[in-house]
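Engineer: One structure, pasted below without further comment.
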Amino acid sequence: MSNATLIDTLELGSDEQKQKYEIYGDDVQTPTFAVIYRQQGDSWQQLDEKITFAAQDEQQEATGSMGYGSGDTLPDLRDLPAEARERCEQHWHQQSDR
1 MSNATLIDTL
11 ELGSDEQKQK
21 YEIYGDDVQT
31 PTFAVIYRQQ
41 GDSWQQLDEK
51 ITFAAQDEQQ
61 EATGSMGYGS
71 GDTLPDLRDL
81 PAEARERCEQ
91 HWHQQSDR
């Protein structure tokens with residue numbers, strides 16, 4: 001994780017069930033995983049669980065399969081950081097429903 005860039009931090013939930021998601025990636029546009037923390041008292045405890053995103057693989061497949069040469073401009077890619085935030089929010093909702 002030493003080369004990973006922190007893209008975003010989300011804190012979701014109420015005081016009793018607060019979770020924090022730190023989204024990391026190879027750069028600010030390519031999220032690859034999120035580390036999950038649960039608040040216990042005044043501190044955050046890292047959970048063993050992580051969320052992984054296939055953003056990097058998708059990006060490579062999209063540019064490779066479209067046959068773009070070095071002089072071609074790349075097509076607009078989806079907003080991968082926003083999709084990563086959505087996945088974290090979905091994960092939190094699934095956790096809070098348990």
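So that you can map any letter, position 41 of the sequence shown is 41 in full-length UniProt numbering, and since no number is skipped, the others follow by simple counting. By construction, the Cβ of each residue, glycine as well, lies at the ideal position given by its N, Cα and C atoms.
(1) Here's the rule I'm using: 16 or more other beta-carbon atoms within 10 Å means buried, otherwise exposed. How should Gln-19 be labelled?
(2) Mind checking which residues open and close the beta strand (DSSP E) that includes Glu-22?
(3) If I'm right that Cys-88 touches Ile-7 with Cβ under 8 Å, what's the distance once you round it to whole angstroms?
(4) Whole angstroms are fine: how far does the CA of Pro-81 sit from the CA of Gln-45?
(5) Just the C-alpha distance for Ser-14 and Asp-27, rounded to the nearest angstrom, thanks.
(6) Let me confirm a value: Gly-25 is counted as buried when at least 16 other C-beta atoms fall within 10 Å, else exposed. Which label applies?
(7) For the beta strand (DSSP E) containing Ala-54, name the first residue and the last one.
(8) Leaving aside the five residues before and after Glu-49 along the sequence, list all residues of the same chain whose C-beta is less than 6 Å from its C-beta, in chain order.
(9) Measure the beta-carbon distance from Phe-33 to Thr-5 and round it to whole angstroms, keeping in mind my assumption that it falls under 8 Å.
Structural biologist: So, from the listed chains and residues:
(1) Gln-19 comes out buried.
(2) 19 to 25
(3) About 11 Å; that fails the 8 Å criterion.
(4) Taken atom to atom, the span from the alpha-carbon of Gln-45 to that of Pro-81 is near 24 Å.
(5) Whole-angstrom Cα-Cα distance: 30 Å.
(6) buried
(7) Counting along the chain, Ala-54 falls outside any beta strand (DSSP E), and DSSP gives it neither H nor E.
(8) Once the five neighbours on either side are set aside, the close Cβ partners of Glu-49 are Ile-36.
(9) Actually they are not in contact, since the Cβ atoms of Phe-33 and Thr-5 sit about 12 Å apart, beyond 8 Å.
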